[in-house]
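Step one of this worksheet: look at the structure below.
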Amino acid sequence: MKKMLTMIGLSCWCLLAHGGPSHILCGDDVSVIQDHFQISFGDTITAGISTELPLSVSWSVSPQKGMNKVSGSGKTTGDLIFSQPGTYQVTFNIPAHGDHPAKTETVTVEVGSVKMTFDVRNIEFSKPLTTGDASGIVLTVPVTVKTYEGKTVDYTSNEIRTTGVAHLSSRLKDGQVTLKNGENKLTFELSGAIPQQGNVQFRVYDADGRPTFFNHLITNE
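Count the sequence shown with mature numbering (1 follows the signal peptide of the UniProt record, and there is no 0) and you get residues -19 to -1, 1 to 202, in order.
What follows is the structure, given as structure tokens:
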């Protein structure tokens, strides 16, 4: 899975002095757009900067263990692959520019040891969802699990949330499930009512609380 890590934004207005050497004046400074990311081991992210100024920005990653590359220069890092769990810092070295001194900006990347991939194209309901009472209907979601150390995972995220034409509640049918490496199925029992036809968006969460979204159309057909 490829994710955009962050871009350093430069939002500034610059004036060019008349006569003599050119001098750049900037109203705002360089900063990271997003300073924290949460991913799983093996995921790829890309870092970059956004600026019209010819700044020579360099970057480095710490710790270096498990990285495909650990430093570089230019406006983008290219693909950074985090192959081991842990907490990493991506540090951008910003040179002095205009009225601003040199500084560093840091992004924290938390890399988890469990990767859960939900197969939302193959979800199943124990009976068709239609308008009216949905209580007791069971939703089954296939999920592929991969752990860094090959161990089982105790899954306790016991609800799926919804938005759209219905706000259904749910509970993990078995309360807690131990997931093995490979293919698994999660079952949730729904409760609540669907007042009208239209789209319902479901959100199912992985072991770290990150959501995966899928839509289901209520048509009564």
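The C-beta atom is built at its ideal place from N, Cα and C for all residues, glycine as well.
Cβ neighbours of residue i in the same chain (closer than 6 Å, five flanking residues each side left out)
i      : result
Pro192 : Arg184, Tyr186
Pro2   : Per-residue confidence for Pro2 stands at a pLDDT of 38, beneath the threshold of 50, marking its modelled position as unreliable; the derived number appears in the next sentence. Excluding residues within five positions, none has a Cβ falling inside 6 Å.
Thr98  : Thr125
Buried/exposed call for residue i, threshold 16 Cβ in 10 Å
i      : result
Ile14  : exposed
Ala115 : buried
Glu164 : exposed
Val124 : buried
Pro66  : buried
Asn196 : exposed
Candidates the options: closest to residue i by CA position
i      : options                      : result
Pro82  : Leu61, Thr68, Ile175, Leu36  : Leu36
Leu198 : His17, Glu91, Ile118, Ala147 : Ala147
Met48  : Thr57, Thr68, Thr32          : Thr68
Pro44  : Leu153, Glu86, Asn196, Ser64 : Ser64
Thr128 : Ser12, His17, Phe22, Phe18   : Phe22
Glu202 : Phe73, Lys108, Leu149, Ile26 : Lys108
Ser54  : Glu33, Val122, Ala28         : Ala28
For residue i, the residue or residues it bridges with in DSSP
i           : result
residue 203 : With the chain represented from -19 up to 202, any question about residue 203 goes unanswered, as that position is not in the structure.
Glu91       : Gln19, Thr68
Asn196      : Gln182
Gly113      : Ile175
Glu86       : Phe73
Lys96       : Lys127
Cβ of residue i within 8 Å of any chain C Cβ
i      : result
Val119 : Considering every chain present, this structure includes no chain C. It has just one protein chain.
Chain-order list of residues whose beta-carbon lies under 7 Å from that of residue i (same chain, five-residue window excluded)
i      : result
Thr133 : Thr159, Leu160, Lys161
Which full runs of the beta strand (DSSP E) of 3+ residues lie inside the region 120 to 181, going along the chain? 134 to 136, 142 to 145, 150 to 153, 158 to 160, 163 to 172
Unbroken stretches of the beta strand (DSSP E), 3 residues or longer, contained in the region 12 to 84: 17 to 21, 25 to 31, 39 to 43, 52 to 54, 57 to 62, 67 to 75
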